[in-house]
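Okay, so here's the structure we're looking at.
Protein chains in written order, with our numbering: chain B, 1 to 111; chain L, 112 to 255.
Here you go:
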């Protein structure tokens with residue numbers, strides 16, 4: 001019996017060791033995968049450096065802050081108040097820095 | 112479009128990750144009131160699992176930096192006594208929580224007690240559990 005051409009082409013490509021027969025071993029991919037640092041002493045990433053990198057990664061992603069915030073429930077009214085005051089303080093700090101910088105620049109110039 | 116991965120793709124994935132799978136883990140779970148240190152096999156079965164109460168600290172004493180330091184030092188000595196140093200070729204440190212035990216265990220690893228396993232560490236991970244929405248936390252406490 002002659003197999004049709006298309007079928008024989010497929011059969012020549014699909015080997016016997018297809019994933020149906022073998023199990024794919026994917027690595028563990030969970031939330032902690034993104035918060036991991038690979039150490040490589042040959043490239044200078046020793047334990048101390050790696051820890052510093054991990055700490056900066058954690059603070060950049062605000063993991064500690066989120067963790068502490070999640071301990072207790074904050075109701076929407078209090079959340080709005082907190083965000084409002086936080087945003088104002090940030091805005092004020094920027095403006096203040098600008099003014100102080102301008103004053104010190106002028107003082108340097110002799111005004 | 113190949114929905115079936117080719118043999119070389121399978122080899123690439125499995126061979127690279129098969130050797131990466133073979134790392135032991137040292138979990139350091141540091142809460143505000145206690146610290147747990149667990150050494151696990153590559154398949155995440157526990158080999159040594161102790162917390163500050165096992166050392167002899169009671170109640171409030173368990174949540175201190177000192178207790179966590181002693182615990183980590185104890186785990187290092189246990190590893191040596193049980194002869195696991197030859198078994199463990201690659202080690203991953205997994206931190207969980209931000210209690211005093213986190214810093215204490217790190218000090219132990221970098222100090223003289225952890226000199227034997229320091230070379231084996233290949234990865235540092237933070238596995239602090241965060242909620243994405245999730246269940247509602249208890250109400251904020253009103254203390255005086």
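We put the beta carbon where it would ideally sit given N, CA and C, even for glycine.
Model, not experiment: these values are computed from the prediction.
Query	Result
So that I know if they touch, is there some Cβ in chain B lying closer than 7 Å to that of residue 253 of chain L?	no
In chain order, what residues of the same chain have a beta carbon less than 6 Å from the beta carbon of residue 227 of chain L, not counting five sequence neighbours either side?	196
Whose Cβ in chain B lies nearer than 7 Å to the Cβ of residue 237 of chain L?	32, 35, 54, 58 and 63
Classify residue 94 of chain B as helix, strand or coil using the three-state DSSP reduction.	helix
Quick one: grab the DSSP three-state call for residue 40 of chain B.	strand
Can you say whether residue 14 of chain B is buried or exposed, counting buried as having 16 or more other CB atoms within 10 angstroms of its CB?	The predicted position of residue 14 of chain B is uncertain, since its pLDDT is 49 and thus under 50; no value can be drawn from it.
Is the beta carbon of residue 137 of chain L sitting closer than 7 Å to the one on residue 233 of chain L?	no
Could you check if residue 206 of chain L is buried or exposed, using at least 16 other CB atoms within 10 Å of its CB as the buried criterion?	buried
So what does DSSP say about residue 14 of chain B, is it helix, strand or coil?	Reliability of the predicted coordinates at residue 14 of chain B is poor, the pLDDT of 49 falling under 50, and the value obtained from them is presented with this limitation in mind. Residue state, collapsed to three classes: coil.
When DSSP builds the beta bridges, which residues end up paired with residue 202 of chain L?	L:135 and L:232
Along the region 70–104 of chain B, where does the CB come closer than 8 Å to a CB of chain L? Name the residues.	70, 71, 72, 73 and 74
Any beta-carbon of chain B closer than 7 Å to the one on residue 241 of chain L?	yes
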